[in-house]
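231 is the number that numbering that gives the first Met the number 0 gives to position 232 of the sequence shown; each next residue is one higher, with no gaps.
Glycine included, C-beta positions come from ideal geometry on N, C-alpha and C.
These notes concern the structure reproduced below.
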Amino acid sequence: MSANLLILGGTTEATALCKALASTRVQATLSYAGRTKKPLELGLPQRVGGFGGAAGLANYLRDHAVTHVIDATHPFAAQMSCNAVEACAQAKVPLIALTRAPWQAQAGDNWQHVADIDGAVQALKRPPMRVMLAVGRMHLEAFAVNPDHFYLLRLVDQPEGALPFPACHAEISRGPFTTEGDIALMQQHSIDIVVSKNAGGIGAQSKIIAARQLGLPVIMIDRPALPQRSEAHDVQSVIDWLAHSGVDLGV
Ligand code: 3Y8
Ligand code: NAP
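Laid out in C-alpha cells, this is it:
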C-alpha cells in the first residue's frame with residue numbers, strides 16, 4: 000500500500016524513528032508543536048504548530064490522506080497523546096505510540112515521588128536549598144512561590160523575559176545530556192536536590208544517574224495518565240507494526 004505517515008515528534012525516540020524512515024521511500028511528515036526556536040531537522044518533511052485540538056487533527060488526517068500515525072511525543076505531552084487517540088478513532092487511522100518505560104528507582108536512589116508539578120512545588124516548601132529544576136520552561140512560574148531557594152534551570156532556548164526567581168542560573172542546552180556533564184554542573188552550583196519529570200528514556204536520564212552518584216535526593220514527578228493505545232518501545236517494533244499493516248519500507 001502507498002503509505003503516508005504522520006509522526007508526532009519532539010523526543011529522542013522520534014529522532015531515531017525519523018532517521019530510520021528518512022532512508023526509505025515511505026512518505027512521512029514529522030510534526031512539532033513549535034515549542035523551541037529551531038527544532039531539529041531530521042531528513043523528513045516537517046510541520047510546526049498545533050492542529051486545533053482533536054477535531055483539528057482528525058481534519059488534518061483526512062485532508063492529508065494520512066494512513067498511519069506514530070505518536071512519538073514525550074510522556075508528559077498528555078494532551079497531544081489524548082488528541083491523537085481521539086482523532087485517529089474519528090478518522091479511522093491506525094495509531095501506535097512510540098514511548099519509553101518510566102525510570103525505576105535503583106540502589107542508591109533517594110526519590111520522593113510526587114503526582115504532578117504542583118506536588119513538586121509543595122515538596123519544595125522547606126528551608127532554602129540549591130535546587131536543580133530540570134523541568135524546562137513551561138512550568139517555571141509554578142515554582143516561584145518558593146523564592147528562597149537557588150534554582151539551577153536548564154532551558155532549550157535563551158529565556159525572553161526575566162526569570163521568576165531572585166536567585167537562579169539558566170543553563171541553555173537542548174540535550175541529550177551526559178552524566179559527566181550533569182555531575183560537573185551540579186557540583187559547580189553546589190546542588191542539594193534535583194527536580195525531574197519521570198521522562199524515561201536516555202535523553203534526560205543523566206541527571207538521575209548524576210544525582211545517584213552524588214547521593215542527592217530527587218523529587219520525581221510521576222507521569223500523567225494516558226488513554227489506552229497500542230505502544231512500541233523501540234523503532235524496530237514500529238517498523239514491524241507498519242510492515243504488519245502492509246507498509247513495505249524496504250528495510
Ligand atoms: C520541541 C525538539 C532529540 C530530542 C531531544 C527526550 C530527550 C533531550 C530531555 C533536563 C530535562 C525537558 C524538555 C527535555 C528533554 C530530549 C529531547 C528532551 C527535558 C526538544 C524539542 C522540543 C522540546 C520541548 C521541550 C519543552 C520542555 C521539554 C526541555 C527540538 C529539545 C525539560 C522535559 O522552552 C520550551 O518551551 C521547552 C519546552 C516541552 C518541557 C517544558 O515544560 O518546558 N522539551 N524539547 C518539541 C516541539 O516543539 O514539538 O527542539 O529539536 C526535544 C527533547 N527534549 O532527539 O534531540 O527525548 O526526552 N526537554 C523533561 O523531560 O523534563 C530537559 O534538562 O534534564
Ligand atoms: P501537550 O501539552 O500534550 O500539547 C499541548 C498542545 O500542543 C496540543 O494539544 C497540540 O495543539 C500541540 N502539540 C503538542 N505536541 C505537538 C506536536 N508534536 N505536533 C503538533 N502539535 C503539538 O504537549 P507539550 O507537553 O507542550 O509538548 C510539546 C512538544 O514538546 C511535543 O512534541 C513533545 O513531544 C515535546 N516535548 C515535551 C516535553 C514535556 O516535558 N512536555 C519533553 C520533551 C519534549 P493542538 O491541540 O492545537 O493540536
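In the three-state reduction of the DSSP assignment, Glu40 falls in the coil class, being assigned neither a helical nor a strand state.
Going by beta carbons, Gln111 and Ala119 fall outside the 7 Å limit. Ala21 and Leu41 do touch by the CB rule: their CB atoms are close to 7 Å apart, below 8 Å. The beta carbons of Ile116 and His138 sit closer together than 7 Å. With a threshold of 16 other beta carbon atoms within 10 Å, Ala203 meets it and is buried. Screening all residues for a C-beta within a distance smaller than 6 Å of any heavy atom in the ligand NAP leaves Leu7, Gly8, Gly9, Thr10, Ser30, Tyr31, Ala32, Arg34, Gly49, Phe50, Gly51, Gly52, Gly55, Leu56, Thr72, His73, Phe75, Ala76, Ala77, Gln78, Met79, Asn82, Gly135, Lys196, in chain order. Contact holds between the region 99-114 and the region 205-216, because three or more Cβ pairs, one in each stretch, are under 8 Å apart.
In the three-state reduction of the DSSP assignment, Val120 falls in the helix class.
One alpha carbon belongs to Leu151, the other to Ala133, and they sit about 8 Å apart. With fewer than 16 other CB atoms across the displayed protein chains lying within 10 angstroms of its CB, Ala224 is exposed.
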